[in-house]
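I have placed the structure first, in the form of structure tokens, so that the comments after it can refer back to it.
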Amino acid sequence: MDFHLTLIRINRHKNRILLLLILLMYTNLVYSNEIRYSQGVNIINDEEVLELRKIQRKYDYDKTFQKLNREMSLHSARLWTYENKKNELEEIKNYLSESVISIDSTSEKIKMDELLLAINEKSKIEKDLNKFSDLDSKEDEIKSRYSNLEKAKKKLNIEKRGLLSKIIERIHSEIKGKYVTGNYYGAVNCNKNSSIMECIEKNEFDVKNRIINDNPFLTEDSIFSKFDITGANLNLDGSLSFNIVFSASANFSNKIYKSLNQKLGFNLIKISLKSNVPAEWYIDGKLFGKGEQLEAEIPSGSHGIYATYKGKAKSSVEEIYKPVVLRYILD
Numbered sequence: 076m077d078f079h080l081t082l083i084r085i086n087r088h089k090n091r092i093l094l095l096l097i098l099l100m101y102t103n104l105v106y107s108n109e110i111r112y113s114q115g116v117n118i119i120n121d122e123e124v125l126e127l128r129k130i131q132r133k134y135d136y137d138k139t140f141q142k143l144n145r146e147m148s149l150h151s152a153r154l155w156t157y158e159n160k161k162n163e164l165e166e167i168k169n170y171l172s173e174s175v176i177s178i179d180s181t182s183e184k185i186k187m188d189e190l191l192l193a194i195n196e197k198s199k200i201e202k203d204l205n206k207f208s209d210l211d212s213k214e215d216e217i218k219s220r221y222s223n224l225e226k227a228k229k230k231l232n233i234e235k236r237g238l239l240s241k242i243i244e245r246i247h248s249e250i251k252g253k254y255v256t257g258n259y260y261g262a263v264n265c266n267k268n269s270s271i272m273e274c275i276e277k278n279e280f281d282v283k284n285r286i287i288n289d290n291p292f293l294t295e296d297s298i299f300s301k302f303d304i305t306g307a308n309l310n311l312d313g314s315l316s317f318n319i320v321f322s323a324s325a326n327f328s329n330k331i332y333k334s335l336n337q338k339l340g341f342n343l344i345k346i347s348l349k350s351n352v353p354a355e356w357y358i359d360g361k362l363f364g365k366g367e368q369l370e371a372e373i374p375s376g377s378h379g380i381y382a383t384y385k386g387k388a389k390s391s392v393e394e395i396y397k398p399v400v401l402r403y404i405l406d
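Take the position in the sequence shown, starting the count at 1, then add 75; the result is the number in this note's numbering.
Written out as structure tokens, the structure reads:
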């Protein structure tokens, strides 16, 4: 009796150890999805990052946009003030032209005093309006500076295109004849009666596609020279978890090109512009549209966003690298 109890305890202990080993193996598999790129190839290396920053500093967009947006805000406020004063002046002129003056009574003496006050106010407003004589020239100047900034941006893009070509040439050179090696952890559902090898073989094409999709240096043309199962666990419900060591020929993929376009600011990003009032929206100094909510697609990178409504304005320089909603409260 004691002997049988001892055997049961030993078996339970073995089962616990086996379960612990399975859990440890599973944990290791979960963290083994890191792909090691052959020969340390980078999509963009440190030297190229420094060159990109040097090009960006050369044109210094952020500060220029901020300064122009501030000037545009002040200009919009002055323009609104000017329109208000013009309306006030028109009202006073109408009041004066409709007034009939005779001073035969006290009440009309009061009326005369009111008219004199109106005349003085008219004179004051006319003097104030003279201060706005530069509105048109100032607006032309701001538009011209935005235009010059746009021309500079074209030069910037030419330099960045040159850098892009150099990066692509470097990557092609570094991956030529090279292989991508790594560990891949995955899981698939199998027939309950299948063996581990049968299940892996049945799903091999899909598993390879997953590896290719997860790696920028692999394409459908990549040839797998190694595809070894180093760990697998098939549950009673038919779910199979596995770890595979692989090696496949490196190729330049569309994933690399998309990543480079994003890093250098050539891909288009969708943004939403929202306000609590029907504002006028400017992007990089150009009127984009009017309304409380607008959608725009702009290249990734730095952009000057400006919104104005009845003399009130808000602006910012945004780093756009993913879809974003920009909200400006103006009134």
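From the three backbone atoms N, C-alpha and C, an ideal C-beta is built for every residue, glycine too.
Only a predicted model underlies this, so the values are computations on that prediction, with no experimental measurement involved.
Please classify Ile130: does DSSP put it in a helix, a strand, or coil? Position 55 of the sequence shown, counted from the start, is the residue given in the question as residue 130. DSSP places Ile130 in helix when its eight states are reduced to three.
CA nearest to the CA of Val392, picked from Tyr136, Arg236, Ser316: Sequence index remark: in the sequence shown, residue 392 carries index 317 (1-based). When each option's Cα is compared against that of Val392, the closest is Tyr136.
The beta strand (DSSP E) that contains Ala227, what's its start and end? Mapped onto the sequence shown, residue 227 falls at position 152. Premise fails: Ala227 lies in the alpha helix (DSSP H), 210-250, not in any beta strand (DSSP E).
Return the residue from the list Ile275, Glu372, Gly379, Lys385 that minimises the CA-CA distance to Lys397. As a first step, residue 397 is located in the sequence shown; it is residue number 322 there, counting from the start. It is Glu372 whose Cα lies nearest to the Cα of Lys397.
Rounded C-alpha distance that separates Trp155 from Thr383: Numbered from its first residue, the sequence shown carries residue 155 at position 80. Numbered from its first residue, the sequence shown carries residue 383 at position 308. Going by the C-alpha atoms only, they are around 10 angstroms apart.
Is the region 290-299 in contact with the region 328-341, if contact means three or more CB pairs nearer than 8 angstroms? yes
Residue range of the beta strand (DSSP E) that includes Ala262: Counting from 1 along the sequence shown, the entry for residue 262 is found at position 187. Element bounds for Ala262: 254-264.
Is the region 246-266 touching the region 339-349 in the sense that three or more CB pairs, one from each, lie closer than 8 angstroms? no
Round the Cβ separation of Ile167 and Lys197 to the nearest angstrom and send it over; I've been treating them as touching at under 8 angstroms. As a first step, residue 167 is located in the sequence shown; it is residue number 92 there, counting from the start. As a first step, residue 197 is located in the sequence shown; it is residue number 122 there, counting from the start. Indeed, because the Cβ distance is near 5 angstroms, the residues count as touching under 8 angstroms.
Need the endpoints of the alpha helix (DSSP H) that Phe207 sits in, please. In the sequence shown, the residue the question calls residue 207 occupies position 132. Where Phe207 is concerned, there is no enclosing alpha helix (DSSP H), given that its DSSP letter is neither H nor E.
Assuming Ile275 is part of the alpha helix (DSSP H), what are its boundary residues? Taking the sequence shown and counting its residues from 1, one reaches residue 275 at position 200. Run containing Ile275: 271-289, per the alpha helix (DSSP H) assignment.
At the level of alpha carbons, what is the spacing between His378 and Ile319? In the sequence shown, the residue the question calls residue 378 occupies position 303. In the sequence shown, the residue the question calls residue 319 occupies position 244. About 45 angstroms.
So the beta strand (DSSP E) Leu309 belongs to, where does it begin and stop? Looking up residue 309 in the sequence shown gives position 234. Looking at the DSSP string, the run of the beta strand (DSSP E) that includes Leu309 is 299-309.
Residues near Tyr106 in its chain [Cβ-Cβ closer than 6 angstroms; skip 5 each side]: Along the sequence shown, one-based indexing puts residue 106 at 31. Note on Tyr106: pLDDT 28, under 50, position unreliable in the model; the coordinate value appears next. Hits under 6 angstroms: none found.
7 angstroms Cβ cutoff met for Pro353 and Glu367: The residue labelled residue 353 in the question sits at position 278 within the sequence shown. The residue labelled residue 367 in the question sits at position 292 within the sequence shown. A contact, by the Cβ cut-off of 7 angstroms.
With a threshold of 7 angstroms on Cβ separation, who are the neighbours of Asn336 within its own chain once the five nearest residues in sequence on each side are excluded? Working through the sequence shown from its first residue, we reach residue 336 at position 261. Here the set comprises Asn342.
Can you say whether Asn326 is buried or exposed, counting buried as having 16 or more other CB atoms within 10 angstroms of its CB? As a first step, residue 326 is located in the sequence shown; it is residue number 251 there, counting from the start. Buried, because 16 or more other Cβ atoms sit within 10 Å of the Cβ of Asn326.
Rounded to the nearest angstrom, what separates Phe299 and Met272 at their Cα positions? Mapped onto the sequence shown, residue 299 falls at position 224. Mapped onto the sequence shown, residue 272 falls at position 197. The alpha-carbon atoms of Phe299 and Met272 are separated by roughly 18 angstroms.
For a quick check, are the C-beta atoms of Asn144 and Ser390 less than 7 angstroms apart? Position 69 of the sequence shown, counted from the start, is the residue given in the question as residue 144. Position 315 of the sequence shown, counted from the start, is the residue given in the question as residue 390. Against a cut-off of 7 angstroms, the Cβ pair of Ser390 and Asn144 comes out as a contact.
What separation, rounded to the nearest whole angstrom, lies between the Cα atoms of Ser334 and Ile118? Locating residue 334 in the sequence shown gives position 259, where the first residue counts as 1. Locating residue 118 in the sequence shown gives position 43, where the first residue counts as 1. Distance between the alpha carbons of Ser334 and Ile118 is about 8 angstroms.
Can you have a look at Glu123 and say buried or exposed, based on whether 16 or more other CB atoms are within 10 angstroms of its CB? Sequence index remark: in the sequence shown, residue 123 carries index 48 (1-based). When all chains shown are included, Glu123 counts as buried.
Name the residue from Lys267, Glu163, Glu146 whose alpha carbon lies nearest to the alpha carbon of Leu311. As a first step, residue 311 must be located in the sequence shown, where it is residue number 236. Cα-wise, what sits closest to Leu311 is Lys267.
Looking only at DSSP bridge pairs, what is Lys345 linked to? Taking the first residue of the sequence shown as position 1, residue 345 is located at position 270. Partner(s): Glu372.
Counting only the same chain and skipping the five closest in sequence on each side, list residues whose C-beta sits under 6 angstroms from that of Lys301. Position 226 of the sequence shown, counted from the start, is the residue given in the question as residue 301. Closer than 6 angstroms at Cβ, skipping near neighbours: Phe321, Ser322.
Which residues share a DSSP beta bridge with Ala152? The count along the sequence shown starts at 1 and reaches residue 152 at position 77. DSSP, once it has assigned bridges, lists no residue as partnering Ala152.
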